[in-house]
Structure formats: structure tokens, C-alpha cells
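In UniProt numbering, the protein residues as written are 1 to 175. Beta carbons: idealized from backbone N, C-alpha and C, even for Gly.
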């Protein structure tokens, strides 16, 4: 049975930087994201069991670095209902330098279409702008149309397509 969504007229949530108290919820939400992606297409890259087992430690290390921010959207009472990881990457071989990357973006289903992802993305954009980041990238799966729609509404434009094949599949093709 689906939980009722919060009323449009009074959507109460706050956006804040994640802290150590949020680690169990970050793990829960990242696994939920993985499950959603796997349900849409089992060929999608999966988290290793080792990473799943250590996700709390992974996020704790990510949060220690100044060039990373994990943001959470919290419902009244403080329980996280959404997350987003923003990173500043500085690769001397790429331009622009530095650039931003968004990963691990999730909103619990009952909180979707309520401005939560907008709030998370704006917090990330503010963090990145403060660090003079001029370009932000992220990935979304082709077989997840709601994700693509969400990101495009937030200003992201599809720019590149990645192709996937197995070596055996490539070798079996006739010229």
C-alpha cells in the first residue's frame, strides 16, 4: 500500500548538509536507488557487495573532504527523505577546471514531485558556485524517463551518450 504524499499546499522539508547521524539513511537511500535502477534494467552497473556493506564508511569518508558535499532533504522531525552528492573535480587534462559532478541523487517516492530534488540541486549548485565551478555534470539512465525529465527541468541538457556492449557481443558482429 502506498503512503499518502504530503499535501501540495504545505510541503515541509529542509535541506541541510548531511552529518554522521545521517549515515544509516544515506545507505538506505543509496540502496533504494540501486534497486530502482536494477528494476529498470539489470544491465546497469551495480554496486559491489563490499561497497554496499561499507556504504556508511564510504559516505563518512566522502563527507570528510572539503571538495565534497552530501546534502539531505529532511522531513519534519529530521528524517532524511532525499539525498544528493556534489563533488568538485579538478582534472588538469579537462576544461573547464574545476567542474562539478552530481551523484547518488534520490528522493523517497512519497516525497517526489514536491520540490525536494529542486531544493537538493539548488543547494549543490550554490556550493559549486561558491567554489567557482562553471560546469556541472551528472548521469541518468535512458530507461529511467522520470529521472531525465526531472534533470532537464532543473536545467541539465543531454550532451553525450554512452554505449555499452560485451566484448563477445562486439566480436560476434559481422562487418
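In this structure, residue 84 keeps its C-beta atom at 7 Å or more from the C-beta atom of residue 129. Nearest to residue 35 by alpha-carbon distance, out of 104, 92, 137, is 104.
When C-alpha distances from residue 48 are compared across 30, 71, 70, the shortest belongs to 30. Under DSSP, the beta-bridge partners assigned to residue 15 are 73. For residue 101, the uninterrupted beta strand (DSSP E) run begins and ends at 99-107, by DSSP. The residue from 115, 173, 164 with its alpha-carbon nearest to that of residue 153 is 115.
Between residue 59 and residue 26, the gap from beta carbon to beta carbon is short of 7 Å.
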